[in-house]
Amino acid sequence: MERRSGLDAIPLEHEGTVVTVGFFDGVHLGHRNVLAATVAAARERGVPAVAVTFDRHPREILTPGREPRLLTSVERKSRLIEETGIDVLLVLEFTEEFSRWPAERFIVDVLRDGLHAVHCVMGANFTFGHRARGNVEMLIAEGIRHGFTAERVELVELDGRVVSSSSIREALSQGDLAWPHRGLERRFVLDGTVVEGAGRGRVLGYPTANLETWPRLLLPGQGVYAGRAEVDGRTHVAAIDVGTNPTFGTEPLHAESYLLDFEGDLVGREMAVEFWAYLRPEIRFDSADELVEAMDRDVRHTRELVDPEGGSEP
């Protein structure tokens, strides 16, 4: 997949494309339906499939301070989009100036003149342009004047519940991994870099890898989880704590993982943590010994639950 960034990266050299646009946070089942339809339409027409996304959530500009934490970094989102067969990914900077573009300008400058769209595929709730005045119905009508067609892809429901990034975020924030697993069709993964911690885990016999994440990323609800950690292409079963270390005072909310059957220094290395199952809430213990006993149980439970090679169910 070819990746381009910014308005300076267009126009494309291709004489025609099929285009979809969205923030695609999490690249969940609904997003993948839209992306798959885009690829299918492009293959039918013999032109590249193009996805347009943004470097930040629009609400970061439109309602600063009220924007949601994100399910995926730009890099992971790009990799997930590539897996759907998209040929070109255009990442646009969502700025204050860009947010004021009228919908008509986006149609002309980006879709028609920039991407040379012959067809557009959009999710049913897609909106664009200043004050979100553009929608799929407008695109279908206006596209005829500008030389392209457009289609609408309906939202995906599972057992009557709409699959959406917001519903997945809400579930994760409550420690619920079941709905995200269904909506994403994979386990939730948190990306980051291992940084130095206080070193208490090593003293207690459970050295943990403290994960520094992109500040915009969502952390699951506080608690202890079973999962896996991937470092340098290798996976390790891991007991994961998302919390504030209340036994030793209160620290900022963070994620740290004890990698079972692993020895070595991880500081400075990229790590992806995959959440399999919620084990228990994070609580304050009266002594370090009580904490170690709980960690013993967490590790045993983790080993019982997590398949080191993968598996399809938590």
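Basically my numbering = 1-based index in the sequence shown + 1345.
Using N, Cα and C, we set each Cβ at its ideal position, and we do this for glycine too.
Bear in mind that the values here come from a model prediction, so they are computed numbers and not experimental data.
Provide the residue span of the beta strand (DSSP E) that contains residue i, from first to last.
i: residue 1431; result: Segment: none, residue 1431 is in no beta strand (DSSP E) and carries neither H nor E.
i: residue 1555; result: 1554 to 1557
i: residue 1624; result: 1615 to 1625
Quick check: what's the CA-CA separation for residue i versus residue j?
i: residue 1418; j: residue 1536; result: 8 Å
i: residue 1463; j: residue 1492; result: 7 Å
i: residue 1388; j: residue 1439; result: 29 Å
i: residue 1409; j: residue 1416; result: 18 Å
i: residue 1642; j: residue 1616; result: 24 Å
i: residue 1622; j: residue 1350; result: 37 Å
i: residue 1627; j: residue 1588; result: 7 Å
i: residue 1429; j: residue 1521; result: 26 Å
i: residue 1296; j: residue 1369; result: Look at the range of the chain in this structure, 1346 to 1659, and you will see that residue 1296 is not part of it.
i: residue 1606; j: residue 1582; result: 8 Å
i: residue 1708; j: residue 1624; result: Past the edges of the chain, shown from 1346 to 1659, lies residue 1708, and the structure says nothing about it.
i: residue 1502; j: residue 1634; result: 47 Å
i: residue 1509; j: residue 1632; result: 42 Å
i: residue 1554; j: residue 1516; result: 25 Å
i: residue 1359; j: residue 1552; result: 53 Å
i: residue 1447; j: residue 1403; result: 15 Å
Measure the beta-carbon distance from residue i to residue j and round it to whole angstroms, keeping in mind my assumption that it falls under 8 Å.
i: residue 1397; j: residue 1363; result: That belief does not hold up - the Cβ atoms of residue 1397 and residue 1363 are roughly 12 Å apart, past 8 Å.
i: residue 1455; j: residue 1379; result: At roughly 17 Å, the Cβ-Cβ gap does not stay under 8 Å, so residue 1455 and residue 1379 are not in contact.
i: residue 1437; j: residue 1473; result: Incorrect: roughly 11 Å between the Cβ atoms, too far for contact.
i: residue 1353; j: residue 1395; result: Not really, about 16 Å apart at Cβ, beyond 8 Å.
i: residue 1469; j: residue 1490; result: About 22 Å; that fails the 8 Å criterion.
Which residues bound the alpha helix (DSSP H) around residue i?
i: residue 1569; result: Element bounds for residue 1569: not the alpha helix (DSSP H) but the beta strand (DSSP E), 1568 to 1576.
i: residue 1513; result: 1510 to 1518
i: residue 1647; result: 1633 to 1650
i: residue 1604; result: Careful: residue 1604 lies outside any alpha helix (DSSP H), inside the beta strand (DSSP E) at 1599 to 1604.
Closer than 8 Å, CB to CB, is residue i near chain D or not?
i: residue 1469; result: Chain labels in this structure do not include chain D; a single protein chain is all it has.
message: To test your reading of the DSSP string, which unbroken alpha helix (DSSP H) runs of 4 or more residues are found completely within the region 1443 to 1496?
response: 1481 to 1491
message: Does the region 1517 to 1531 come into contact with the region 1364 to 1377, if we say contact requires no fewer than three beta-carbon pairs (one atom in each stretch) closer than 8 Å?
response: yes
task: Pick out the complete beta strand (DSSP E) segments inside the region 1352 to 1429, 3 residues or longer, and give them in chain order.
output: 1362 to 1366 and 1394 to 1399
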